[in-house]
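>
4 protein chains.
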Amino acid sequence: MKFESPEKLHEECGVLGFYNNDGFDTARMLYYGMFALQHRGQESCGIVTNDDGKLYHRKEKGLVGEVFDGAALNGLKGAIGVAHVRYATEGDLRENAQPIVSRYCKGSITLAHNGNIINAGALREELETRGAIFQSTNDTEVIMHLIAIARTRTHSVEDAVAEVMPQIEGAYSMVLMSPRKLLGIRDPKGFRPLCIGKIKNSYIFASESAALDTMRAEFVRDVEPGEVVLIDENGITSFKKFCGKKPSLCLFEYIYFARPDSVIDGVSVYRTRVETGRILARTYPADADVVIGVPDSGLHFAQGFAAESGIPYGDGLVRNRYSGRTLIKQTQRERELAVNIKLNALRASVEGRRIVMVDDSIVRGTTMANLIRLLKENGAREVHIRLGSPPFLWPCYFGTDIPSKKDLIAVKYPVDEIRKKVGADSLHYMRLEDLQKIGVRSDFGYCDACFSGNYPG
Amino acid sequence: MKFESPEKLHEECGVLGFYNNDGFDTARMLYYGMFALQHRGQESCGIVTNDDGKLYHRKEKGLVGEVFDGAALNGLKGAIGVAHVRYATEGDLRENAQPIVSRYCKGSITLAHNGNIINAGALREELETRGAIFQSTNDTEVIMHLIAIARTRTHSVEDAVAEVMPQIEGAYSMVLMSPRKLLGIRDPKGFRPLCIGKIKNSYIFASESAALDTMRAEFVRDVEPGEVVLIDENGITSFKKFCGKKPSLCLFEYIYFARPDSVIDGVSVYRTRVETGRILARTYPADADVVIGVPDSGLHFAQGFAAESGIPYGDGLVRNRYSGRTLIKQTQRERELAVNIKLNALRASVEGRRIVMVDDSIVRGTTMANLIRLLKENGAREVHIRLGSPPFLWPCYFGTDIPSKKDLIAVKYPVDEIRKKVGADSLHYMRLEDLQKIGVRSDFGYCDACFSGNYPG
Amino acid sequence: MKFESPEKLHEECGVLGFYNNDGFDTARMLYYGMFALQHRGQESCGIVTNDDGKLYHRKEKGLVGEVFDGAALNGLKGAIGVAHVRYATEGDLRENAQPIVSRYCKGSITLAHNGNIINAGALREELETRGAIFQSTNDTEVIMHLIAIARTRTHSVEDAVAEVMPQIEGAYSMVLMSPRKLLGIRDPKGFRPLCIGKIKNSYIFASESAALDTMRAEFVRDVEPGEVVLIDENGITSFKKFCGKKPSLCLFEYIYFARPDSVIDGVSVYRTRVETGRILARTYPADADVVIGVPDSGLHFAQGFAAESGIPYGDGLVRNRYSGRTLIKQTQRERELAVNIKLNALRASVEGRRIVMVDDSIVRGTTMANLIRLLKENGAREVHIRLGSPPFLWPCYFGTDIPSKKDLIAVKYPVDEIRKKVGADSLHYMRLEDLQKIGVRSDFGYCDACFSGNYPG
Amino acid sequence: MKFESPEKLHEECGVLGFYNNDGFDTARMLYYGMFALQHRGQESCGIVTNDDGKLYHRKEKGLVGEVFDGAALNGLKGAIGVAHVRYATEGDLRENAQPIVSRYCKGSITLAHNGNIINAGALREELETRGAIFQSTNDTEVIMHLIAIARTRTHSVEDAVAEVMPQIEGAYSMVLMSPRKLLGIRDPKGFRPLCIGKIKNSYIFASESAALDTMRAEFVRDVEPGEVVLIDENGITSFKKFCGKKPSLCLFEYIYFARPDSVIDGVSVYRTRVETGRILARTYPADADVVIGVPDSGLHFAQGFAAESGIPYGDGLVRNRYSGRTLIKQTQRERELAVNIKLNALRASVEGRRIVMVDDSIVRGTTMANLIRLLKENGAREVHIRLGSPPFLWPCYFGTDIPSKKDLIAVKYPVDEIRKKVGADSLHYMRLEDLQKIGVRSDFGYCDACFSGNYPG
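If you're matching them up, the sequences are chains A, B, C and D in order.
Mapped onto numbering that gives the first Met the number 0, the consecutive letters of the first sequence carry residue numbers 0 to 456.
Mapped onto numbering that gives the first Met the number 0, the consecutive letters of the second sequence carry residue numbers 0 to 456.
Mapped onto numbering that gives the first Met the number 0, the consecutive letters of the third sequence carry residue numbers 0 to 456.
Mapped onto numbering that gives the first Met the number 0, the consecutive letters of the fourth sequence carry residue numbers 0 to 456.
Written out as structure tokens, the structure reads:
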């Protein structure tokens with residue numbers, strides 16, 4: 000069920016909310032938006048709609064196009080809705096699928112969450128000591144409990160959220176639906192993106208701006224780190240009580256997670272990647288005949304490298320669009336074949352040539368070694384590797400699923416040793432100081448803890 | 000998805016628990032037992048097993064034979080397990096499927112419940128006022144919350160249960176599994192049945208004794224009304240703190256719900272039905288050529304009537320074993336055809352004859368009218384109806400799904416009017432005073448509120 | 000996927016045809032009729048409809064209620080249709096599912112067939128020698144080839160059928176649909192039943208008359224052995240060129256295959272069974288307290304035995320209506336449990352009593368032994384077995400799936416040895432000479448080859 | 000179920016055969032190869048394996064990754080196998096799924112076919128006149144009949160094929176499996192590709208060489224137009240009786256159908272596309288800031304154009320990898336949204352720029368108009384269209400599914416009118432005389448009838 004290579008890092012989820020003032024088909028709007036966010040999670044997905052307090056929901060394992068058909072969408076009525084796509088680890092409970100719906104003292108509450116709560120374990124324990132029960136192992140259910148408790152002594156759901164935010168530490172971008180309100184909430188450090196869109200008089204919350212394009216909505220602005228944005232019958236209201244801290248947006252959103260056609264906190268993901276490629280070309284030039292990228296994540300870095308270096312850009316590897324669900328393979332031979340199903344070398348492009356191959360990063364190193372071997376088997380004379388990010392050295396506590404240190408090649412070996420292990424003729428990582436300069440806003444802060452070990456305080 | 004006629008009353012669920020001390024295959028034992036309880040609920044079913052604290056579960060809509068295959072059963076590991084078959088009304092939430100599993104301060108707790116809690120709404124409201132959240136609309140989740148709260152101040156799960164029992168009013172037979180214990184619990188009035196079985200050194204809780212036969216286990220005894228029975232590594236322990244009230248076992252368990260091969264609180268269901276038929280034959284004799292029953296629920300009443308009256312017993316209607324899933328029919332003609340799919344008249348048995356037809360009860364009267372019409376179309380000269388129970392006149396608050404008063408034919412019309420409406424040549428109900436005498440133990444109390452309006456105090 | 004006990008014999012299939020002159024929903028009419036024939040085959044089923052020459056079809060593995068839903072039926076348009084339910088042996092090809100559709104020189108032809116062609120192998124070989132190709136291993140495809148070849152030199156499909164009938168030997172009742180005609184065809188010996196029904200101005204062919212009841216149609220008459228009945232725009236036409244041979248209707252249709260509510264060639268199946276029970280009571284009386292039948296096939300024999308002997312009729316075994324799809328069991332213990340899932344003893348009926356248990360037949364003897372053991376475990380003092388048919392001794396070449404001689408208990412042991420092996424206190428078979436007298440028409444012939452070894456010449 | 004845009008042309012199918020001399024897992028080898036050919040057909044797929052004459056098969060609607068799981072592959076035993084992926088038009092019969100298996104005088108024969116037989120209708124009629132029956136509407140079944148008939152008078156299946164080839168006209172590349180042989184057959188004009196691969200001592204036939212890479216096999220050579228290649232226990236044998244005509248390989252295989260990493264008849268598909276882009280840049284230069292391609296088919300043309308012109312190559316459109324199964328959309332708005340799900344503009348790349356956008360061809364023109372509008376909405380200053388093929392003007396009789404003339408934009412309008420209709424600032428087609436020069440072998444002939452109207456004689 001995992002479509003991305005295990006070589007790649009993963010993030011937990013994409014969220015969407017829609018507050019329909021114009022008679023759109025709420026479920027279909029969310030459905031189209033989910034397609035645009037599918038890259039953020041392929042394990043399960045769900046939509047919950049709200050027809051004047053009555054809820055309709057469907058959430059299942061599978062891709063958006065598998066889980067929802069016309070009949071399913073027709074059954075999801077109402078003018079407010081929340082949707083979620085989920086990345087999940089093996090053995091994950093079905094109960095963990097999102098959005099999560101609960102009934103509580105004020106009717107129902109629905110939550111779709113992207114992020115990771117650092118103190119979730121402690122909060123959970125404390126709640127359990129008071130007699131709480133949990134049906135999932137999600138951080139989201141912990142937040143739900145806290146809001147329900149806060150709601151017993153506050154006048155509105157937004158007040159309850161305001162009471163809960165100081166209690167939870169970590170990364171969260173979330174969309175919350177009560178019987179008559181839709182809230183977009185982003186943690187004070189803004190680790191994960193969340194933006195606001197508008198179509199006619201209707202409002203949208205989405206993890207990435209590309210979802211707005213797909214819904215043919217216009218981008219309004221990002222939700223600020225620490226901000227709570229409320230949509231209800233009175234329109235849009237902003238609460239900025241927790242704004243003002245120095246943000247720590249995850250740098251890896253630019254490098255790998257987000258779609259190239261998204262703009263996050265004012266910065267184009269595509270432009271960042273092309274610029275990174277240009278910097279790599281200036282910092283670590285190579286004498287070569289062609290620049291190729293590893294599909295799909297390395298292509299834009301490679302295009303930047305080519306434009307800057309003047310070396311022609313070309314394709315050297317062909318991705319099979321249909322290889323999604325290859326069987327899990329048990330023998331070494333089957334594993335080798337499986338690599339070949341996903342990517343094949345373009346001999347006509349590669350043979351007899353000196354190649355620069357750019358990718359976003361190296362995690363374990365095995366896929367990179369396979370690709371270099373494949374290129375050389377197809378006649379490549381030299382293969383020079385350039386990487387769009389610094390080496391991964393540290394764990395992430397904010398929602399990125401990084402393997403344990405013992406599996407990180409950069410923890411175990413110096414750069415030249417890595418070069419030898421993967422079989423490259425040269426290999427260079429993007430320098431952290433360069434990465435901090437490109438594209439990103441000077442007035443903003445970024446989290447680079449996985450490269451630097453400097454965790455946001 | 001409803002296999003029984005809507006004419007018939009329904010009860011909510013059957014429960015099972017297994018504490019395996021002998022290396023049996025826990026999931027398969029529960030699976031076989033569930034088949035024997037399938038008549039108590041065909042909407043959804045589930046098994047949760049417990050492998051030294053680690054839980055495995057599967058619950059889905061559908062019959063036992065559809066939900067579980069070999070792979071599903073192989074995935075359910077562990078020596079303790081709980082199972083449930085569920086009857087449900089239209090629009091029921093998927094979250095309501097049972098057993099329900101929660102994580103709480105002492106690990107996990109799993110609950111399978113048969114019954115109806117009268118004060119569930121009030122308890123729920125009170126819990127919500129304190130900040131509780133609910134993911135289903137089940138009474139079971141309310142009980143779960145109460146146990147979790149009680150558990151924060153008690154030394155054991157059985158102590159927590161003892162603290163909760165006085166708080167809940169109504170009907171409940173349930174099986175509870177904690178990481179190392181299995182509990183069978185029956186409400187102080189004993190509305191719903193629950194019994195204990197044993198196979199080698201392993202223990203079983205089951206809604207009906209027929210499940211024990213299917214598992215080839217021996218019947219030990221019924222759980223007493225108000226009793227909590229604990230199975231753990233120390234064997235079997237009984238807590239009778241809430242025993243001693245006059246019981247109110249649901250009479251309709253004998254009349255319709257339970258399997259004929261079950262023995263409940265010391266009384267054979269089959270024998271009760273045959274004896275009822277005999278009493279009907281003495282009280283309301285008929286001059287007829289053959290006694291037939293409405294399959295399957297009326298057959299044993301009819302056998303008793305035939306044996307007592309000396310009129311030969313025969314089949315007059317043939318039931319189609321494969322008619323379970325007929326499409327919902329939209330036109331009047333399709334509805335008529337659907338009746339014919341399920342039951343067909345045996346013209347060779349019926350033609351030219353005076354017939355006594357016995358059934359357990361009449362609810363709305365429409366099916367009875369159809370059957371009499373079918374018999375007459377096939378040449379029956381007379382059709383005399385005898386019913387194994389008194390008229391339904393009152394609602395049930397203890398778990399039986401009785402239609403609203405406006406749909407109960409006995410509320411709307413006197414007996415002779417009913418006879419005319421269904422087209423019978425004579426029609427008689429079992430008298431309540433007779434029903435109270437037959438089969439059932441003189442030292443026991445029964446709930447006959449649906450007939451008498453006398454609700455157990 | 001086999002729902003019947005492997006103890007029982009099986010026949011291959013039930014057929015239906017509908018020629019709609021009244022604006023009925025053709026597919027739904029066939030669907031309702033198929034439910035009534037489901038007992039003749041549970042492996043696969045199919046409907047083909049014909050909308051002015053354009054065909055719509057659906058055939059799949061599974062029961063009627065599983066294969067067809069509303070959408071599937073809505074997709075089957077047209078005023079003529081053919082349907083089929085199929086019994087199949089392990090490893091059967093999906094291509095063998097029926098009805099079979101072919102395109103040929105005159106458009107399309109659709110065939111649904113019940114029976115067995117003795118010379119199919121030879122015909123197939125001859126066709127292959129001439130260059131024919133086959134996509135299934137069905138006899139039906141052989142017939143299809145012969146009709147297509149005959150059609151090249153005849154003026155109508157009924158002429159082609161007339162040319163083919165002398166070429167094929169064996170048992171066949173079939174329904175054939177051409178672009179504008181519907182034909183019902185029965186082999187000259189009439190081994191398998193086929194009858195004609197009418198509803199308003201529309202015509203039906205069906206394997207059994209019970210299907211007509213389910214469709215609320217009236218029975219017109221049986222198709223005669225050797226007759227070809229044509230329905231087209233000119234109404235109904237009969238061709239009797241091959242009629243007049245002494246028929247050989249399969250006796251086992253009365254004993255076990257057919258529904259009790261069917262009337263075949265003028266004789267009621269139910270009445271035959273009751274009468275058989277009466278003869279058994281006179282021929283082999285027993286001193287007993289209760290007469291029980293093995294559900295469902297033995298019940299009517301038992302009712303006859305009880306009525307004749309004056310011993311009360313009662314239920315001694317309870318059948319589980321939901322046990323259809325029990326998992327295939329691998330261990331001895333699982334096999335024992337599986338028996339208990341399907342049938343349980345009614346201790347209250349059995350304990351301390353002397354029992355006469357009647358069944359239709361004994362094939363291998365293992366199920367009978369299990370049932371007698373079950374009754375004795377539940378306290379039966381004596382168990383006397385009476386069987387509605389003579390011993391099986393010979394193979395069937397006309398469509399009944401009888402195990403090989405080495406598995407037939409009656410081939411291996413004399414009656415008294417069988418009695419000992421199954422653990423009965425007495426055991427008697429129906430005598431062939433008695434069977435030949437009851438119910439059945441004196442002017443008709445029957446095939447009793449499986450009992451007598453006298454194969455129809 | 001159609002994943003490709005209806006704007007694009009389609010071809011019918013990809014074929015594979017495997018003759019296993021080394022103990023490989025035959026079904027898994029075919030499975031991996033099918034992934035590499037999935038672009039040639041996404042409607043249905045199938046594998047038939049042959050275990051010493053006993054056949055195992057599975058064919059279903061759906062993608063390879065959906066139809067086959069581990070259990071399905073494990074069930075496909077044997078050392079010889081044939082596989083097929085199928086493109087199909089609406090309303091296609093399930094019986095048309097391939098490979099087709101028939102039993103005939105010499106056991107079984109299995110056929111997987113890519114192409115279109117021009118005289119299939121006439122052959123079919125002739126066969127029907129002789130009494131043949133057909134269960135599909137496939138050309139393949141016609142070929143099967145002819146081979147079966149020829150086989151009755153020839154000494155081997157290869158002799159039968161030799162007898163049939165002169166009877167059939169049109170395009171066919173096919174793999175045929177008899178109980179002990181595997182044949183690769185290509186029509187005398189070689190319209191469709193077919194090549195031979197080898198891994199250890201085992202042989203492969205495949206529609207494209209990329210399938211060999213995926214199976215990690217080596218490319219041996221193309222099957223020659225008119226050649227029959229036989230693999231059996233004696234190794235590989237070639238029959239060239241029908242070779243030697245001037246070939247007519249479909250030019251559109253290079254332009255669009257085939258994978259870029261395939262080499263067909265000695266010419267790299269990728270190199271052909273890059274070279275075409277270079278010619279376009281020389282013939283129709285443009286003053287622009289960036290060259291983009293329409294994903295995925297236009298990218299390599301664009302890379303060639305960029306390399307030749309010196310204008311930087313970049314991405315201007317982002318393809319959503321997960322958009323395969325978007326619901327069919329009913330309203331105009333939904334259709335617009337559906338376009339946006341599949342492709343989104345990269346504003347950061349497009350805004351304020353003059354763009355050259357290259358694609359392989361224009362069929363109806365609606366998608367091109369949408370894309371240009373999307374680019375302009377995202378700020379593109381100019382959009383210059385260059386197309387890798389000449390205008391489509393004529394129908395194809397050799398297996399390419401070209402819309403009728405009334406839907407072909409190039410039939411209806413002159414080039415400048417097309418430019419205006421799609422909203423381009425300039426628009427140029429590849430010239431046919433240039434196309435005939437690039438890449439392709441001078442000693443070979445190509446079919447360009449869809450551009451020129453010159454059909455191969």
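Where a beta carbon is used, it is the ideal one built from N, C-alpha and C, also for glycine.
1) If we count the other Cβ atoms within 10 Å of its Cβ and call it buried at 16 or more, is Asp358 of chain C buried or exposed?
2) Using a Cβ distance threshold of 8 Å, determine whether the region 348 to 358 of chain B contacts the region 250 to 265 of chain B, with at least three qualifying pairs required.
3) Please state the DSSP three-state secondary structure of His144 of chain D.
4) Pull up the CB-CB distance for Glu350 of chain B and Gly309 of chain B, whole angstroms please, since I reckon it's below 8 Å.
5) Whose CA, out of A:Leu75, A:Pro178, A:Gly225, A:Glu65, lies closest to the CA of Val84 of chain A?
6) Mind checking Asp286 of chain A: buried by the 16 CB within 10 Å criterion, or exposed?
7) Residues of chain C with a CB under 8 Å from the CB of Met143 of chain D: which are they?
8) Consider the Cβ of Thr109 of chain B: report whether some Cβ of chain A lies at a distance smaller than 9 Å.
9) With 16 other CB atoms within 10 Å as the buried threshold, where does Lys180 of chain C fall?
10) Relative to chain D, which residues along the region 143 to 167 of chain C have a C-beta separation below 8 Å, given in chain order?
11) Please name the residues in the region 283 to 314 of chain D whose beta-carbon is closer than 8 Å to at least one beta-carbon of chain A, in chain order.
12) Against chain A, does Tyr103 of chain B count as a neighbour if the rule is that its beta carbon must be under 9 Å from one of theirs?
13) Hey, would you say Glu157 of chain D sits closer than 9 Å to Leu229 of chain D, going by beta carbons?
14) Using 9 Å as the limit for Cβ to Cβ distance, is Ser4 of chain C near chain B?
15) Name the chain A residues that come within less than 9 Å of Arg85 of chain D, Cβ to Cβ?
16) Using a cut-off of 7 Å between C-beta atoms, extract the partners of Ala347 of chain B located in chain C.
17) By alpha-carbon positions, which one of C:Asn115, C:His144, C:Lys105, C:Gly114 ends up nearest to Glu477 of chain C?
18) Express the C-alpha separation of Asn319 of chain A and Phe34 of chain D in angstroms, rounding to a whole number.
19) With a cut-off of 8 Å on the beta carbons, I'd call Leu182 of chain D and Leu175 of chain D a contact; round off their distance for me.
20) Just checking: is the beta-carbon of Thr236 of chain A within a distance shorter than 9 Å of some beta-carbon in chain G?
21) Counting only the same chain and skipping the five closest in sequence on each side, list residues whose C-beta sits under 7 Å from that of Leu426 of chain B.
22) Could you tell me whether the region 237 to 249 of chain A touches the region 294 to 313 of chain A, using the rule of 3 or more Cβ pairs below 8 Å?
Based on what the coordinates show:
1) buried
2) no
3) helix
4) In fact, because the Cβ distance is near 22 Å, the residues do not count as touching under 8 Å.
5) A:Glu65
6) exposed
7) Ile132
8) no
9) buried
10) Met143, His144, Ala147, Ile148, Ala149, Arg150, Thr151
11) Asp295, Leu298, His299, Gln302, Ala305, Ala306, Pro311, Tyr312, Gly313, Asp314
12) yes
13) yes
14) Interpretation of Ser4 of chain C is limited by its pLDDT of 46, a score under 50 that renders its predicted location unreliable; no figure is taken from the coordinates.
15) Result: empty, since nearest Cβ-Cβ is about 14 Å, beyond 9 Å.
16) Ser267, Tyr269, Arg270
17) In this structure chain C extends from 0 to 456, so residue 477 of chain C is not present and cannot be described.
18) 8 Å
19) 4 Å
20) Of the protein chains in the structure, A, B, C and D, none is chain G.
21) Ile384, Val414, Ile417, Arg418
22) no
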